[in-house]
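Contents: one structure, followed by commentary.
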Amino acid sequence: MPELPEVETVKRTLENFILNKKIKDIEVIYPRIIEDDVEVFKQRVVNKTFLKIDRVGKYLIFILEDIAFVSHLRMEGKYQICTKETSLSKHDHVIFYLDDDTQLRYNDVRKFGRMKLVDKESYKTLKPLNQLGKEPFEADVNEIYQRLKNKDTAIKTALLDQTLLAGIGNIYANEICYAMHLNPQTKAKALSKKRVKELIEVSSFILNEAIKQGGTTIHSFSANGIDGLFQVQLKVHMQEKCPQGHDIKKISLNGRGTYYCPICQKARR
Ligand SMILES: [Zn+2]
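Going letter by letter, the sequence shown gives residues 18 to 286 in the working numbering.
Take a look at the structure:
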C-alpha cells in the first residue's frame, strides 16, 4: 500500500505529465471508483485544465480551475500515462482523455481506490482531509505527547492512526520503530516527552529519505504505471536479518504484519 513517500512520488511524477493539460473527456468503466454521481463528476471535470496537484497525507488532490477532486490509491491504485495505442487493461477503471492526445488512466486491481469532488478552496477543512492529523514534518511534540499519553495501544498501532499523524503506513511504522530502538509492542503511553520528540524527528527523517529515494529512482512511467512503490532500503520490514545481523521476528499486531529485532528493539529504553 502506498504511504506518504510513495504518494509524494506519484504526485511529482504526474506533475511532469498532466499539468496545464485540459481534460477533453472522461470514461468511467467502474463507477464505484467515483464517490460522486458519475455524471456530475464528468460534468464538473470535463473541459477543465489540471493546474496543480496537492498532497495531504496519503491523499492526492487534483486542482482543476474552479473544482478539485481527491484521489486515494488505497491498496493498489496506480496512474498511468498512455497513448491511444496502449491497449486497455481490464484493471483500467477511469480514463481521462487529455488535449495532447495522451490519456491518464487510473488502474486498480483491488478496486479499493476512490475519487471524490471537493471544493478547491476548502478541501483541507472538509471530510476526509479534516480528519487527518498533521504530517510528521509539522507535528507538534506537546500535542502528540498529550494524545499518546492516554493511549493503551501499542506504539506501532498508534503510528498507523491517520488522525494522530498522517502519512505513515505499515512499512514505515516498522522502520520507524527500528530506528528508535523501540519494541513495536511498547504501549504508546509509556513514551516520555523526549521519546515522542525523537519519534517525530525520526518519522520525518525516514519519510524524507524515502521521498528522496523515490525522486531519484523514478523519472518516468514504467509500463506498469506508477504507484510510487520503489526499492527503498528497508531495515526490518519483510527482512530476515536486521543490519546488525540478528534474526528479525515477525508478529501480528492489530492484524498487521509487524517486523522487529528483539535484540536491537528492547521493550523500553
Ligand atoms: Zn538487531
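Heads up, the beta-carbon is just placed ideally off N, CA and C, and yes, glycines get one too.
Bear in mind the structure is a predicted one, so any value in this text is a computation, not a measurement.
PRO260 CB to nearest heavy atom of ligand 1 below 8 Å: yes
Close-in-space but distant-in-sequence residues of the same chain around SER221 (CB under 7 Å, 5 per side omitted): PRO153, PHE154
LYS75 vs VAL24 beta-carbon contact at 9 Å: yes
Inter-residue spacing [alpha-carbon to alpha-carbon] between SER269 and MET197: 20 Å
Limits of the unbroken beta strand (DSSP E) element including LEU115: 109-115
Simplified DSSP state of THR174, which is helix, strand or coil: helix
Cβ-based neighbour list, GLN250, same chain, cut-off 8 Å, excluding 5 preceding and 5 following: GLN230
Top-ranked residue by Cα proximity to ILE80, from LEU134, GLN256, ASN271: That would be LEU134, whose Cα lies nearest to the Cα of ILE80.
Beta-carbon gap between LEU308 and ILE172 smaller than 9 Å: A query on residue 308 cannot be resolved here, the shown segment of the chain reaching from 18 to 286 and no further.
Length-filtered (4 minimum) alpha helix (DSSP H) runs lying within the region 33-104: 55-62
Cβ pair count under 8 Å reaching 3, the region 99-117 against the region 39-53: In the pairwise beta carbon analysis, the region 99-117 is classified as touching the region 39-53: at least three pairs are separated by under 8 Å.
Proximal residues to LYS65 (C-beta, below 8 Å), its chain only, five neighbours per side dropped: LYS39, ILE40, LEU81, GLU82, ASP83, ILE84
PHE238 - DSSP class collapsed to helix/strand/coil: For PHE238, the predicted model reports a pLDDT of 49, less than 50, meaning its position is unreliable; a value from the coordinates is still stated below. Residue state, collapsed to three classes: coil.
ASN124 - partner residues in DSSP beta bridges: LYS95, ASP109
ILE268 - partner residues in DSSP beta bridges: THR275
THR26 (DSSP reduced to helix, strand or coil): helix
Beta-carbon proximity list for TYR140, same chain, < 7 Å, skipping 5 on both sides: ILE78, ALA85, VAL87, LEU146
Opposing strand residues paired with MET197 [DSSP bridges]: Looking at the DSSP output, MET197 shares a beta bridge with no other residue.
Cut-off 8 Å between Cβ atoms - residues of its own chain near ASN124, not counting five sequence neighbours on either side: GLY94, LYS95, TYR96, GLN97, SER106, HIS108, ASP109, HIS110, GLY242
Per DSSP, the bridge partner or partners of LEU132: Before going on, a small fix: residue 132 reads as Met here, not Leu. For MET132, which the question treats as bridged, DSSP gives the partners ILE51, SER88.
ILE188: CB within 8 Å of a non-hydrogen atom of ligand 1: no
Separation of PRO201 from ALA207, as counted between CA atoms: Cα-Cα distance, rounded: 12 Å.
PRO19 to ARG131 span [Cα, whole Å]: 14 Å
Limits of the unbroken alpha helix (DSSP H) element including LEU165: In the DSSP assignment, LEU165 falls within the alpha helix (DSSP H) that extends over 158-166.
Paired residues, beta bridge with LEU182 - DSSP: LYS151
ILE193 Cβ short of 8 Å to ligand 1 heavy atom set: no
Alpha-carbon spacing of ASP136 relative to ARG61, whole angstroms: Roughly 11 Å separates the two Cα atoms.
Nearest neighbour of ASN191, chosen from VAL158, THR174, VAL73 [CA to CA]: THR174
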